[in-house]
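Residue numbering for the sequence shown follows the working numbering, starting at 511 and increasing by one per position.
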Amino acid sequence: METSNWMPKDAILVTYATRSGSTAEVAEVIAYEIGQFCGRVDVAPVQRVRDLRPYWAVVLGSPVRHARWLPEAIAFLSAQRATLRLRLMGVFQLCGSLCQDTPQNREAARQAYEEIRRTFPEFRPLEVGMFAGRVSEEMLQHAVHGGQAALKPGDWRDWEAIREWGQKMGKILFGMCQPSLPVRLPPEKL
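Here's what the structure looks like:
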């Protein structure tokens, strides 16, 4: 076996929760970017994922609604808790409040992720990506008054930042799946 071509025989999974499809589109882009470094990457909504055995790494994404991850993303973490402890992980979230990049909005996005960390302290993602999301008129009609009043309709996703994060994740995972190369000593001088 040539070490330069070594890759794990299993795949990476990019899975997501979504309401309007925005997070699914981001998951597809992230999976594509990771695949540039790591070979096979599967993409699926969390509701369709039953078995994590084929995957050596999992990237999970969720939008933030009402300052929380979607219930199906939390249910996935809970149902797969034992298996996820044995996998490399990355996490990304889309947050409509990040349409305005302010310290207060960044802190609100961070708090949504911190709630996940408190609930699932054993998870230690290699990377956490936080991106602005797409805010629809329908979402604004159902928004709770107060914290989401500053939301503006529009597609606020920064595709360049999303692609860069996917590439960074791909490079990290690629580095972790490479075997240690043996140390080669220089030949003895004659």
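Glycine residues also receive a C-beta, built at the ideal position from the N, C-alpha and C atoms.
Here the structure is a predicted model, which is why all the values come from computation and not from measurement.
Does DSSP put residue i in a helix, in a strand, or in coil?
i	result
Arg595	coil
Pro631	coil
Met558	Note that residue 558 is Arg in the sequence shown, not Met. Helix at Arg558.
Ala583	helix
Gly545	helix
Gly664	strand
Arg673	helix
Arg616	helix
Using 10 angstroms around the beta-carbon of residue i, count the other beta-carbons present and answer buried if the total reaches 16, otherwise exposed.
i	result
Met679	buried
Glu624	exposed
Gln590	buried
Leu596	exposed
Trp566	buried
Below 8 Å between beta carbons: does that hold for residue i and residue j?
i	j	result
Phe547	Leu683	yes
Ala527	Ala577	no
Leu598	Met640	no
Name the one or two DSSP bridge partners that residue i has.
i	result
Leu570	Thr525, Val601
Asp552	Leu523
Phe641	Leu604
Within the present structure, is the beta-carbon of residue i separated from the nearest heavy atom of the ligand FMN by less than 7 Å?
i	result
Gln621	Ligands are entirely absent from the displayed structure, and the ligand FMN is therefore not among its contents.
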